[in-house]
Amino acid sequence: MPIQNRIAKFHEEMKSWRHHFHKFPELAYKEINTSKKVVDLLKEFKVDTIKTGIGGTGVVATLENGIGKSIGLRADMDALPIPEENTKPYCSKNSGIMHACGHDGHTTMLLGAAKYLSETRNFKGKVVFIFQPAEEGFAGAKAMIEDGLFKKFPVDEIYGMHNMPNLESGVLAVQEGPRLAAADNFEVEIVGKGSHGAMPSNSIDPIVCGSAIVQNLQHIVSRNSNPKETLVITVASFISGKANNVIPKTAKLNGTIRYYNENIGKMAKKRFYEVINNTSTAFGAKSIITFKKGYPPTVNHKEQSEFAYNVAKKVNGNNSSNIQSPMMGSEDFSYFLKQVPGAFAWIGNGNSASLHNPKYDFDDNILCTGASFLATLAEDYLNT
Ligand SMILES: [Zn+2]
Ligand SMILES: [Zn+2]
Numbered sequence: 018m019p020i021q022n023r024i025a026k027f028h029e030e031m032k033s034w035r036h037h038f039h040k041f042p043e044l045a046y047k048e049i050n051t052s053k054k055v056v057d058l059l060k061e062f063k064v065d066t067i068k069t070g071i072g073g074t075g076v077v078a079t080l081e082n083g084i085g086k087s088i089g090l091r092a093d094m095d096a097l098p099i100p101e102e103n104t105k106p107y108c109s110k111n112s113g114i115m116h117a118c119g120h121d122g123h124t125t126m127l128l129g130a131a132k133y134l135s136e137t138r139n140f141k142g143k144v145v146f147i148f149q150p151a152e153e154g155f156a157g158a159k160a161m162i163e164d165g166l167f168k169k170f171p172v173d174e175i176y177g178m179h180n181m182p183n184l185e186s187g188v189l190a191v192q193e194g195p196r197l198a199a200a201d202n203f204e205v206e207i208v209g210k211g212s213h214g215a216m217p218s219n220s221i222d223p224i225v226c227g228s229a230i231v232q233n234l235q236h237i238v239s240r241n242s243n244p245k246e247t248l249v250i251t252v253a254s255f256i257s258g259k260a261n262n263v264i265p266k267t268a269k270l271n272g273t274i275r276y277y278n279e280n281i282g283k284m285a286k287k288r289f290y291e292v293i294n295n296t297s298t299a300f301g302a303k304s305i306i307t308f309k310k311g312y313p314p315t316v317n318h319k320e321q322s323e324f325a326y327n328v329a330k331k332v333n334g335n336n337s338s339n340i341q342s343p344m345m346g347s348e349d350f351s352y353f354l355k356q357v358p359g360a361f362a363w364i365g366n367g368n369s370a371s372l373h374n375p376k377y378d379f380d381d382n383i384l385c386t387g388a389s390f391l392a393t394l395a396e397d398y399l400n401t
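Here the sequence shown is numbered in the working numbering, starting from 18 and rising by one per residue.
Spelled out as structure tokens, the structure:
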């Protein structure tokens, strides 16, 4: 069975919802009008229940048809603090904010699935539609879980999807295992002793110490981490000093650590502290480390990935793939996958600008494929 015929019939309607979301983008936890529009549409579709305010601006709707299993389907609603550079009629009206990650499309596809499933109800059990806030760095998924999402709406399995520029338009790709990385962030303040630039022996130079730290951190990747595992340590900022004849007192480094395997992450964190503290001591300096644990790795469960791939093939035929390289970006769907078995899929956004680019736009042509995929995941999971 290809794209659900009924969904194809309301493609224009879905486009209008998507353009509305795109025109009025809102930042993390401020998705007030976005969630209101989501609620208005869900009411129009006559879903069974709607609950707002979960994890801030999150919305959860349900459809129930007799006793059976339950499935969660998730979309993210937030936009980014990027001024849009597109010129389409539905461009952002909210200055400095745009849907540069396609969450307008994700929300629309889930709404499309909700409209179809509410009309047809060709399933036994319960579908839980999760519209989450604040995916972009502010852990809306975690906020919803902490606000009792799975206690109020228990689900047996959960599925989500993200668009992917440069993957052929409409291709559905899902594979087991790590899909996106964990992302921890750090700030380090190296405190030394300032002096005249011509009298270095009077100083404890935080720039020389910081340079050694930057070099030594790379040895964690090349010499402490198993070469078969993935680890990235990036110092992205090194700020110190102002004048060409002054050795400053302090230097600041910040950056990010990315990995797929949480044991590698633990090792990297332990060695990170050791390398910085010991290198600082060797130079007679002190370092103040602020380590910020970020999203965990997004790891797809095996059985659920195979199921989702089979659904993708059913909806999309050969435009489906179960081979897709994992990425070093991160995604807070990871929090859901730590609680409930499930899978996170990609849907190709075609030859578009990359995610988080001011010229990015979601591909309207993939709305029906995405909505059909989500709806069929629910039907097939609940009917077997
Ligand atoms: Zn993003
Ligand atoms: Zn995104």
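Where is the CB? At the ideal position from N, CA and C, for every residue including glycine.
Backbone CA spacing between residue i and residue j [nearest angstrom]
i: residue 252; j: residue 28; result: 45 Å
i: residue 212; j: residue 154; result: 39 Å
i: residue 94; j: residue 43; result: 8 Å
i: residue 159; j: residue 239; result: 33 Å
i: residue 108; j: residue 39; result: 7 Å
i: residue 336; j: residue 359; result: 21 Å
i: residue 183; j: residue 380; result: 11 Å
i: residue 254; j: residue 272; result: 7 Å
i: residue 92; j: residue 129; result: 12 Å
i: residue 36; j: residue 115; result: 12 Å
i: residue 345; j: residue 218; result: 43 Å
i: residue 392; j: residue 104; result: 33 Å
i: residue 177; j: residue 275; result: 22 Å
i: residue 187; j: residue 385; result: 9 Å
i: residue 50; j: residue 265; result: 48 Å
i: residue 64; j: residue 257; result: 57 Å
i: residue 84; j: residue 66; result: 16 Å
i: residue 326; j: residue 48; result: 32 Å
Nearest to residue i (by Cα), restricted to the options the options
i: residue 343; options: 196, 208, 96; result: 196
i: residue 142; options: 170, 158, 156, 119; result: 170
i: residue 228; options: 395, 293, 276, 68; result: 293
i: residue 237; options: 264, 263, 283, 225; result: 283
i: residue 286; options: 41, 48, 241, 77; result: 241
i: residue 132; options: 347, 55, 257, 309; result: 55
i: residue 164; options: 76, 205, 295, 388; result: 76
i: residue 25; options: 398, 388, 221; result: 388
i: residue 194; options: 172, 354, 378, 61; result: 354
i: residue 401; options: 140, 329, 126; result: 140
i: residue 120; options: 96, 46, 101, 333; result: 96
i: residue 308; options: 101, 250, 85, 53; result: 250
i: residue 62; options: 316, 87, 31; result: 31
i: residue 136; options: 60, 398, 333; result: 60
i: residue 167; options: 356, 226, 398; result: 356
i: residue 361; options: 333, 398, 316, 373; result: 316
i: residue 331; options: 144, 225, 350, 397; result: 397
i: residue 352; options: 46, 373, 198, 377; result: 198
C-beta neighbour in chain D for residue i, strict 8 Å
i: residue 391; result: Note that chain D does not occur in the displayed structure, where there is just one protein chain.
Beta carbon of residue i nearer than 8 Å to that of residue j
i: residue 150; j: residue 89; result: no
i: residue 161; j: residue 366; result: no
i: residue 268; j: residue 207; result: yes
i: residue 375; j: residue 117; result: yes
i: residue 270; j: residue 305; result: no
i: residue 192; j: residue 322; result: yes
i: residue 338; j: residue 190; result: yes
i: residue 364; j: residue 383; result: yes
i: residue 223; j: residue 302; result: yes
i: residue 296; j: residue 202; result: no
i: residue 395; j: residue 134; result: yes
i: residue 146; j: residue 124; result: no
Environment of residue i [buried if 16+ CB atoms lie within 10 Å]
i: residue 21; result: buried
i: residue 112; result: exposed
i: residue 260; result: exposed
i: residue 57; result: exposed
i: residue 299; result: exposed
i: residue 200; result: buried
i: residue 216; result: exposed
i: residue 312; result: buried
i: residue 290; result: exposed
i: residue 347; result: buried
i: residue 33; result: exposed
i: residue 278; result: buried
Residues proximal to ligand 1 by C-beta, any heavy atom closer than 7 Å: Listed along the chain, these residues meet the criterion: 97, 118, 152, 153, 372, 373.
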